[in-house]
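Residue numbers (the numbering used here), protein chains in the order written: chain Z, 635 to 774; chain H, 464 to 618. Notes to accompany the following structure.
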Amino acid sequence: MPVAAFSPEWAQAFKDEINRSPAYRDAAKGWKWSVGLVVEAEPDRNFPQGAGVIMDLLEGEARDIRVGTPAEAQACDFVITGTYTRWKEVATKQLDATRGMLQGKLKLKGDLPTVVRFTKASQEMTECTTRVPVTWPDEG
Amino acid sequence: MHHPGAGDLAGRGVSALVEYADGDDASAFAQMLGGLIEANVTSRAEKLRDFNRLRARVGVYVTDIGEGVTLEFDHGHLVVRNGLGAGRDVTIRADSDTVMQLSNVRIGFAGMPNYLDANGRQVMGRMFKGQLKIEGIFGNLTTLNQVTRLFSVAE
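Here it is, written out as structure tokens:
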């Protein structure tokens, strides 16, 4: 059953998908930092207020994922920022997150060598988002 | 939570080690490569030694985003330029996934890139399939190995 994008239900479903993924568990061994996703507002896409996704990730496990404010997400060890449209493109497989960062469509803050070392984990995490059925605020 | 070292693609600055020829217009890819090399050489003595020794122009072109950069290494200083500039010694052409994989090549015995482990074999496989092309490899093998060591984030 689809859940509203960036809602608490979405965060729970995303967390469950991550914890169901053996590929993520394997690729994220050694990861011990928090990750914040900042979703910038786009009022013209019916997304009038920015959101933050705060992810507590440790050694291949998602210990907690919750939706909060952009400021809360910005306080994480690693922060990826993009507009609502960009995140929607990532979640619907129209934009590869790595490619998005190389193109500047998604902006990364955090230790770069660490991010590059865990590219596979980030790709698997993106795969997990794509498996969560979502209703988008700019669609009917 | 362990706090990683600072690194900020969104708020790039200019350091004594790395300079961006295009200033504020430096592409995200230029900032990423420059930032990666800077973080590596400032945290690892052996990479700093390579950086100080290296004098070469290296192009990196990411085929699936259609963007390239030129890295101008000059004995302890790097100028990162948007686009592929003239006079390159080595040019690496690959998709974004392969570029990331290249950065994960482990450095093995005598500082040689390890192409025998799982990641290294995948990189070689992509080369054989034409997904990774390296121009200027002959005659510049030492340069290529030095650059690979500077790119590598594998521990």
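In this text, a Cβ means the ideal position worked out from N, Cα and C, and glycines have one as well.
Check the Cβ of residue i against every Cβ in chain H and list those closer than 8 Å, keeping chain order.
i: residue 670/Z; result: Per Cβ cutoff of 8 Å: no residues; residue 670/Z is ~12 Å from chain H at best.
i: residue 750/Z; result: 499, 563, 566, 567 and 616
For residue i, which residues of its own chain have a beta-carbon under 7 Å away from its beta-carbon, when the five flanking residues on both sides are left out?
i: residue 618/H; result: none
i: residue 758/Z; result: 655, 657, 658 and 661
i: residue 510/H; result: 503, 504, 612 and 613
i: residue 643/Z; result: 637
Looking only at its chain, what residues have a beta carbon closer than 6 Å to the beta carbon of residue i, apart from the 5 residues adjacent to it on each side?
i: residue 592/H; result: none
i: residue 519/H; result: 536, 552 and 606
i: residue 716/Z; result: 740
i: residue 596/H; result: 556
i: residue 497/H; result: 481 and 543
i: residue 767/Z; result: 636
i: residue 587/H; result: 578
Which residues in chain Z sit within 9 Å of residue i, going by Cβ to Cβ distance?
i: residue 487/H; result: By Cβ distance, chain Z contributes nothing, its closest Cβ being about 12 Å from residue 487/H, past 9 Å.
i: residue 581/H; result: What residue 581/H touches in chain Z: nothing, since even the nearest Cβ is about 11 Å away.
i: residue 630/H; result: There is no way to answer for residue 630/H, as the model of chain H reaches only from 464 to 618.
Nearest by alpha-carbon distance to residue i: which of the options is it?
i: residue 672/Z; options: 709/Z, 694/Z and 643/Z; result: 709/Z
i: residue 721/Z; options: 675/Z, 754/Z and 697/Z; result: 675/Z
i: residue 563/H; options: 573/H, 540/H, 572/H and 589/H; result: 589/H
i: residue 532/H; options: 512/H, 507/H, 488/H and 509/H; result: 488/H
i: residue 740/Z; options: 483/H, 485/H and 495/H; result: 495/H
i: residue 572/H; options: 516/H, 565/H, 492/H and 608/H; result: 608/H
i: residue 761/Z; options: 726/Z, 680/Z and 736/Z; result: 726/Z
i: residue 719/Z; options: 711/Z, 733/Z, 677/Z and 706/Z; result: 677/Z
i: residue 527/H; options: 766/Z, 635/Z, 772/Z and 730/Z; result: 730/Z
i: residue 538/H; options: 483/H, 554/H and 512/H; result: 512/H
i: residue 484/H; options: 548/H, 576/H, 500/H and 578/H; result: 548/H
i: residue 541/H; options: 615/H, 594/H, 582/H and 501/H; result: 501/H
i: residue 714/Z; options: 734/Z, 670/Z, 706/Z and 728/Z; result: 670/Z
For residue i, collect the residues of the same chain with a Cβ closer than 8 Å to its Cβ; drop the 5 residues on either side in sequence, then sort them by chain order.
i: residue 690/Z; result: 668, 696, 697, 698 and 699
i: residue 665/Z; result: 691, 692, 693, 694, 752 and 755
i: residue 763/Z; result: 648, 651, 724 and 725
i: residue 732/Z; result: 753, 756 and 757
i: residue 681/Z; result: 673, 675, 718, 771 and 772
i: residue 748/Z; result: 667 and 712
Buried or exposed for residue i, going by 16 or more other Cβ atoms inside 10 Å?
i: residue 752/Z; result: buried
i: residue 756/Z; result: buried
i: residue 507/H; result: buried
i: residue 769/Z; result: exposed
i: residue 738/Z; result: buried
i: residue 663/Z; result: exposed
i: residue 745/Z; result: buried
i: residue 567/H; result: buried
i: residue 584/H; result: exposed
i: residue 486/H; result: exposed
Along chain Z, which residues have their Cβ under 7 Å away from the Cβ of residue i?
i: residue 528/H; result: 733, 736 and 737
i: residue 525/H; result: 736
Could you tell me whether any Cβ in chain C is nearer than 8 Å to the Cβ of residue i?
i: residue 763/Z; result: Although the question refers to chain C, the structure presented lacks it and instead comprises the protein chains Z and H.
Anything in chain H within Cβ reach of residue i, meaning under 9 Å, just list it in chain order.
i: residue 769/Z; result: Result: empty, since nearest Cβ-Cβ is about 30 Å, beyond 9 Å.
At least three beta-carbon pairs within less than 8 Å, the region 698-710 of chain Z to the region 672-686 of chain Z: yes
Stretch pair the region 603-613 of chain H + the region 478-493 of chain H: three plus CB contacts closer than 8 Å: no
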